[in-house]
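For our numbering, add 62 to where a residue sits in the sequence shown, where the first one is 1. Some notes on the structure that comes next.
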Amino acid sequence: MPQPIIAGIDGTSDSLLAAGWAAGEARRLRTPLVLLHGYTPLAGTSRLLAGDADLEHRAAGRLLDGALAWVREHYDDVEVSADLAVRPEAELLTERGREAQMIVLGSRRPGPVAGFLLRSVGLRVLSQAVCPVVMIRGGAVHHRPQDGEVTAGVPRQEEEAEAVLDFAFRTAATRSAPLRAVRAWTPPTAFTYEPELVRRADERGGLEAVHRHDLAALLEPWRRRHPGVTVIEHVEPGPASEVLVALASSAQLLVVGRRGDPVNRYVGHVAHATLHFADAPIALVPTR
């Protein structure tokens, strides 16, 4: 049984867009789609609400049934099911994500430069999920170039890069899309000075040459595994977040590594910045 794709449903138009994106991905991957909704009952928090538990549960069921009917109408060739649970939404998504290919969530952007507006649920899932989490918002879906590239920010560390490249290459392959593998670099400062990097730069003719060499070396085994994927090696000076945000406008999907921190919900500065400013659906891949 293939691992499913999970779409979080909360009754908003944003979550319905996420369900549609997830259904398209499930179709490409030929894998089941599960629409998931969890809620914490209000009944019991007040005596005035004590008799409303059944009403609340039926309302949540109608919400989920509506999303299920919409997906079946528009993606009738996708195996889709719905699951309703009386549990905190973030906890439910994170736990079910342990057996999923990815979690897809909808969010919204409150203004032209304000980025994703992430609720506490989104932040908790991003920091705790062990599978990739894809964030979708309306403007980032409706105006995407369907033949655009899959753009991936490639970390310097091999173990972190492996997770990002695995997801990015598989996604590019299933979409028959070119993959732009991006390495951004900045000159070392007094606080980031690396003698070995400087020595290699002297040998190879500069820091950019070192980063081009290292990126090509990381990509080589993945090129062999996915010979049908056209790879564009992109090395550019500048902060990684700024480089990736600029490239996102022409990408159908941006893939970024993220570090999970269940305590303070920090996902890494590059992931955080792209969530705020990148104009594309974003797949955040756990790297540790």
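Note that the Cβ used here is the ideal one computed from N, Cα and C, for glycine as well.
Could you give the distance in angstroms between the alpha-carbon of residue i and the alpha-carbon of residue j?
| i | j | result |
| --- | --- | --- |
| Ala271 | Glu256 | 16 Å |
| Ile165 | Leu155 | 8 Å |
| Ala176 | Asp209 | Note that Ala176 scores a pLDDT of 43, beneath 50, so its modelled location is shaky; the value from the coordinates is reported in the next line. Cα-Cα distance, rounded: 26 Å. |
| Ala342 | Ala162 | 23 Å |
| Pro174 | Gly70 | Caution is warranted here: a pLDDT of 42 is assigned to Pro174, below 50, making its placement in the model unreliable, and no coordinate value can be reported. |
| Gln65 | Gln314 | 23 Å |
| Gly128 | Arg90 | 23 Å |
| Ile344 | Thr336 | 8 Å |
| Tyr101 | Ala191 | 18 Å |
| Asp139 | Arg124 | 23 Å |
| Pro94 | Val244 | 31 Å |
| Asp145 | Arg120 | 13 Å |
| Leu130 | Trp247 | 45 Å |
| Arg186 | Tyr137 | 29 Å |
| Ser303 | Ser311 | 13 Å |
| Gly330 | Val347 | 11 Å |
| Ile294 | Glu118 | 51 Å |
Buried or exposed: which applies to residue i, given that a residue is buried once 16 or more other Cβ atoms fall within 10 Å of its Cβ?
| i | result |
| --- | --- |
| Asp72 | buried |
| Ser189 | buried |
| Pro249 | exposed |
| Asp76 | buried |
For residue i, which residues from the same chain have a beta carbon less than 6 Å from its beta carbon, with the 5 sequence-adjacent residues on both sides left out?
| i | result |
| --- | --- |
| Arg262 | Val272 |
| Leu280 | Ala223 |
| Met63 | none |
Given residue i, which residues of its chain have a CB within under 7 Å of its CB, disregarding the five upstream and five downstream residues?
| i | result |
| --- | --- |
| Arg158 | Ile68 and Leu98 |
| Pro217 | Ala223, Val226, Gly319 and Thr349 |
Using a Cβ-Cβ cut-off of 8 Å (strictly less than) and excluding sequence neighbours within five positions of residue i, which residues of its own chain qualify?
| i | result |
| --- | --- |
| Arg266 | Val272 and His275 |
| Arg109 | Per-residue confidence for Arg109 stands at a pLDDT of 48, beneath the threshold of 50, marking its modelled position as unreliable; the derived number appears in the next sentence. Within the same chain, Arg109 has no close Cβ partners at all. |
Contact criterion: CB-CB distance below 8 Å. Does residue i meet it with respect to chain C?
| i | result |
| --- | --- |
| Leu306 | Absent from the structure: chain C. Only one protein chain is present. |
Q) Does the segment 274 to 290 touch the segment 232 to 251, meaning 3 or more C-beta pairs lie closer than 8 Å? A) yes
Q. Where are the beta strand (DSSP E) runs, 3 residues long or more, that stay fully inside the segment 268 to 297, in chain order?
A. none
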